[in-house]
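Read through the structure below, which is laid out as structure tokens, and then see the notes.
2 protein chains.
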Amino acid sequence: MMNPIFHALFQKSRYLTNCLNEVLKQHQLYSSQWTILYCLHKNGPMTLTQIWKYLNVEAPSITRAITRLETLGWVQRLDGEDKREKIVTLSAQAEERLPAITATIIAFEEEMVGSLTVEEQHQFIKLLEKMKG
Amino acid sequence: MMNPIFHALFQKSRYLTNCLNEVLKQHQLYSSQWTILYCLHKNGPMTLTQIWKYLNVEAPSITRAITRLETLGWVQRLDGEDKREKIVTLSAQAEERLPAITATIIAFEEEMVGSLTVEEQHQFIKLLEKMKG
DNA sequence: AGTAATTATTTAGCTAGGTAAATAAATTTC
DNA sequence: GAAATTTATTTACCTAGCTAAATAATTACT
Chain U
-9 MMNPIFHALF QKSRYLTNCL NEVLKQHQLY SSQWTILYCL HKNGPMTLTQ IWKYLNVEAP
51 SITRAITRLE TLGWVQRLDG EDKREKIVTL SAQAEERLPA ITATIIAFEE EMVGSLTVEE
111 QHQFIKLLEK MKG
Chain F
-9 MMNPIFHALF QKSRYLTNCL NEVLKQHQLY SSQWTILYCL HKNGPMTLTQ IWKYLNVEAP
51 SITRAITRLE TLGWVQRLDG EDKREKIVTL SAQAEERLPA ITATIIAFEE EMVGSLTVEE
111 QHQFIKLLEK MKG
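Chains as they are written, first to last, in my numbering: chain U, -9 to 123; chain F, -9 to 123.
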């Protein structure tokens, strides 16, 4: 890329994802799986559509991730009143393990972003949002 | 993620990649293919190892991408003096088409990043680099 | 009420990243 | 100089995004 912003941004994004996956290995989770678990923890049971709209991802990515999380015992898929929709809920196992995982994540984020002051963190987000899109 | 920086960063990264792919459709290229072509244009012929080290990705990603670029006629793989290594060069077709693609990219980048002042762009990169890693 | 349009989810198949392990050539070591 | 180590590339297989199209259930239309 000619403008160094893009290369820097893409690279940091990949780097952070890899680090996050590394750190989450101890809980046998991938970063995107964690993202979904956290989303459910924060919002309670959600339909697939609610999840992908919330996370700003396309539906098939969520279908696949939920299928995996289900077979691994982290979530359940229940039929909704509207028979088209599936409602996803955290399993007891997930609820039980979530605090430890959350602690891992908080430590990770603190390590990664701790070199920035709170001021700089706000500045960073502001700049991200000021970019088109 | 609990710290909004990560979500914002990952999301913008995904968004920009998608936009870039969209814009590159007119040249029948994907963003990561473009990245490699530009890398070769800037540095001249390179071995696979030089490419993946330069782009900061793992070797298999580059092997795959180069194979595809080769079958599409954008690059050639030549044996090096060291018989282990393959030297990748741009094809005549690529050299010919690169100016038009570059123009597309410059316009894209200007559109995406134009809402930031030059000052802010520097600030942004500085903050990215200040984050750990 | 019956047909058409919309909505939720899934399936199939693509790019693009990653790790682990295989292979082949070059280099180092003894 | 033979054996061991290193290096460059590839292969196989995983996650994770995407689009396009299929399916099934609901809603809207007339």
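Virtual Cβ for every residue (Gly too), placed ideally from N, Cα, C.
Between the alpha carbons of serine 51 of chain F and leucine 45 of chain F, how many angstroms are there, rounded?
One-based indexing of the second sequence puts residue 51 of chain F at position 61. One-based indexing of the second sequence puts residue 45 of chain F at position 55. Approximately 11 Å between the Cα atoms of the pair.
Does any CB atom of chain U fall closer than 8 Å to the CB of threonine 79 of chain F?
Indexing the second sequence from 1 puts residue 79 of chain F at position 89. Chain U, which has no Cβ nearer than 8 Å to the Cβ of threonine 79 of chain F, makes this no.
Where does lysine 120 of chain U land, buried or exposed, given buried means 16+ other C-beta within 10 angstroms?
The count along the first sequence starts at 1 and reaches residue 120 of chain U at position 130. Under this definition lysine 120 of chain U is an exposed residue.
Inspect the beta-carbon positions of threonine 107 of chain U and histidine 17 of chain U and report whether they are closer than 8 Å.
Taking the first sequence and counting its residues from 1, one reaches residue 107 of chain U at position 117. Taking the first sequence and counting its residues from 1, one reaches residue 17 of chain U at position 27. Not closer than 8 Å, so no.
From what residue to what residue does the beta strand (DSSP E) around threonine 79 of chain U run?
Along the first sequence, one-based indexing puts residue 79 of chain U at 89. Element bounds for threonine 79 of chain U: 76 to 80.
Strand pairing of arginine 67 of chain F, partner residues [DSSP]:
Mapped onto the second sequence, residue 67 of chain F falls at position 77. Answer is F:Val78, bridged to arginine 67 of chain F.
Inter-residue spacing [alpha-carbon to alpha-carbon] between proline 35 of chain U and glycine 104 of chain F
Residue mapping note: residue 35 of chain U aligns to position 45 of the first sequence, counting from 1. Residue mapping note: residue 104 of chain F aligns to position 114 of the second sequence, counting from 1. Between proline 35 of chain U and glycine 104 of chain F, the C-alpha separation is close to 40 Å.
Going along chain U in order, which residues have a C-beta closer than 7 Å to the C-beta of leucine 118 of chain F?
Indexing the second sequence from 1 puts residue 118 of chain F at position 128. Near leucine 118 of chain F (Cβ distances below 7 Å), the residues of chain U are Ala(-2), Leu(-1) and Lys2.
Quick one: what does DSSP say threonine 37 of chain F is sitting in, helix, strand or coil?
Numbered from its first residue, the second sequence carries residue 37 of chain F at position 47. Correct three-state label for threonine 37 of chain F: strand.
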